[in-house]
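In the working numbering, the protein residues as written are 25 to 308.
For each residue, glycine too, the CB sits at the ideal point set by N, CA and C.
All values derive from a computational prediction rather than experimental measurement.
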DNA sequence: GTCCAGGAGAGGC
DNA sequence: GCCTCTCATGGA
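This is how it looks when you write it as structure tokens:
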């Protein structure tokens, strides 16, 4: 039995397939199945909303999809004179920043370095299937992301078998720290934005880019602005007339130009470029 | 076969 | 501080 969740101006498919999360499976009927934390949900786009199965999964769907936030306020905060951003928003206005559990967000982005989205997805699904707890709903199956203990116990060589390559050590060491209680990701909640950045940088394999992904997609710090190869390309070609922009200069520009919801702006720009700039990956 | 990917760390200068 | 090299792997 499904339950209807009212959500005007929301695009489910784009939100689940915009490089934030990597485990949602599209079913033959167009629904999406996947775990939200420990629980399997089936989500389906409807007019002005989402159908959620099971029906009592609505609350977690609202939180996960950030449907409890005034989205228009986010859009209204964007700089009005920015035509590049305006085009990206117009391309997919219903995109949301998902609220991900801290550990699966950190672990997934630790495996993302120097990987294409399709490959991150493949590894992410394999890790869930091999090490996570399986869940079922009718004929649909999915697995939760394995706990730090499960990953710690699996070991680095097992993670290498699953395709993580040199990232296996990063993920395994982070799992050991969390499973032992030596570090607790919940401790990041009360830190301010810059303290949280320093906190996350303590993990081996986490640099500024991955830390910003975790700040944005995990801790919901909507001003955090991850800079990856796509973002660099966008700014070089669309904002700086082909000029190579030093990281520091770019960071300074981002903070003052996009404001408190900069992370949202970043996600719009990233999604637009990645899905519409064509497969030729060079010039638009 | 070649190029590249939601990077980070170590080493050299 | 900045520059360069290296780290696995599979999709395009």
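With a threshold of 8 Å, are at least 3 pairs of Cβ atoms found where one atom belongs to the region 114 to 128 and the other to the region 278 to 295? yes
Task: Nearest residue (CA-CA) to residue 203, options 176, 269, 84 and 66 - done: Stepping through the first chain from its first residue, residue 203 is reached at position 179. For residue 203, the nearest C-alpha among the options comes from 176.
Between the CA atoms of residue 238 and residue 134 - distance to the nearest angstrom = Translated into positions along the first chain, residue 134 becomes position 110. Translated into positions along the first chain, residue 238 becomes position 214. So the two alpha carbons sit approximately 10 Å from each other.
### Task
Could you check what DSSP says for residue 69 in three-state terms: helix, strand or coil?
If you number the first chain from 1, residue 69 lands on position 45. Residue 69: strand per DSSP, three-state reduction.
Practice task
Could you tell me how far apart the beta carbons of residue 173 and residue 156 are, in whole angstroms, since I believe they sit closer than 8 Å?
Solution key: Counting from 1 along the first chain, the entry for residue 173 is found at position 149. Counting from 1 along the first chain, the entry for residue 156 is found at position 132. Residue 173 to residue 156, Cβ: 12 Å. No contact.
Should residue 191 go down as buried or exposed, given a rule of 16 or more other Cβ atoms within 10 Å for buried? The count along the first chain starts at 1 and reaches residue 191 at position 167. With 16 or more Cβ atoms within 10 Å of its Cβ, residue 191 is classed as buried.
task = Write down the C-beta distance between residue 7 and residue 72 rounded to the nearest angstrom, noting that I regard them as a contact closer than 8 Å.
result = What the structure shows of the chain is the stretch from 25 to 308, and residue 7 is not part of that stretch, so it cannot be assessed.
Exercise for the section: Would you kindly work out how many angstroms separate the C-alpha atoms of residue 85 and residue 77, rounded to a whole number? Expected result: Translated into the one-based positions of the first chain, residue 85 becomes position 61. Translated into the one-based positions of the first chain, residue 77 becomes position 53. Distance between the alpha carbons of residue 85 and residue 77 is about 10 Å.
Quick check: residue 46 and residue 144, are their CB atoms within less than 8 Å of each other? Along the first chain, one-based indexing puts residue 46 at 22. Along the first chain, one-based indexing puts residue 144 at 120. Yes, Cβ-Cβ distance for residue 46 and residue 144 is below 8 Å.
Legend entry - Status (buried if at least 16 other CB within 10 Å, exposed otherwise) for residue 33: As a first step, residue 33 is located in the first chain; it is residue number 9 there, counting from the start. Exposed.
Item checked: Distance CB(residue 180)-CB(residue 196) smaller than 8 Å -> In the first chain, counting from the first residue as 1, residue 180 sits at position 156. In the first chain, counting from the first residue as 1, residue 196 sits at position 172. Yes. Within cutoff.
In chain order, which alpha helix (DSSP H) runs of at least 4 residues are fully inside the region 167 to 237? 172 to 178, 180 to 185, 192 to 203 and 217 to 225
If residue 8 and residue 186 are in contact, beta carbons under 8 Å, what's the gap, nearest whole angstrom? No answer is possible for residue 8: the residues shown for the chain start at 25 and end at 308.
| Distance between residue 64 and residue 58 (C-alpha atoms, nearest Å) | For this step, residue 58 is matched to residue 34 along the first chain. For this step, residue 64 is matched to residue 40 along the first chain. Cα-Cα distance, rounded: 6 Å.
inquiry  = One question on the structure: do residue 60 and residue 36 come within less than 8 Å of each other, judged by their Cβ atoms?
reply    = Here residue 60 refers to the residue found at position 36 when the first chain is read from its first residue. Here residue 36 refers to the residue found at position 12 when the first chain is read from its first residue. No, the pair does not count as a contact, with Cβ atoms beyond the cut-off.
**Report entry** Neighbour-count burial assignment, residue 103, 16 or more Cβ in a 10 Å radius
**Finding:** Indexing the first chain from 1 puts residue 103 at position 79. Per the 10 Å Cβ criterion, exposed.
Tell me whether the beta-carbon of residue 273 lies closer than 8 Å to the beta-carbon of residue 260.
Against the first chain, residue 273 aligns to sequence position 249. Against the first chain, residue 260 aligns to sequence position 236. Taking 8 Å as the Cβ cut-off, residue 273 and residue 260 do not qualify as a contacting pair.
For this session: Note down the Cα distance separating residue 211 from residue 217, rounded to an integer number of angstroms.
Result: Along the first chain, read from residue 1 onward, the residue named residue 211 stands at position 187. Along the first chain, read from residue 1 onward, the residue named residue 217 stands at position 193. Using only the alpha carbons, I get a separation of about 13 Å.
* Grab me the residues of residue 208's own chain with a C-beta within less than 8 Å of its C-beta, minus the 5 sequence neighbours each way, in chain order. => For this step, residue 208 is matched to residue 184 along the first chain. Cβ within range, chain order: 202.
Report the rounded CA-to-CA distance for residue 53 versus residue 277, giving the unit in angstroms.
Taking the first residue of the first chain as position 1, residue 53 is located at position 29. Taking the first residue of the first chain as position 1, residue 277 is located at position 253. Those two C-alpha atoms are separated by around 44 Å.
query = If you run the structure through DSSP and keep just helix, strand and coil, what is residue 268?
reply = By one-based count along the first chain, residue 268 stands at place 244. In the structure shown, residue 268 sits in coil (DSSP, three-state: anything other than H, G, I, E or B).
Q | Given residue 296 as reference, the closest of 97, 68, 113 and 80 once Cα atoms are compared | A | Along the first chain, one-based indexing puts residue 296 at 272. Nearest of 97, 68, 113 and 80 to residue 296, Cα basis: 113.
Chain-order list of residues whose beta-carbon lies under 6 Å from that of residue 130 (same chain, five-residue window excluded)
Looking up residue 130 in the first chain gives position 106. Correct list, in chain order: 238.
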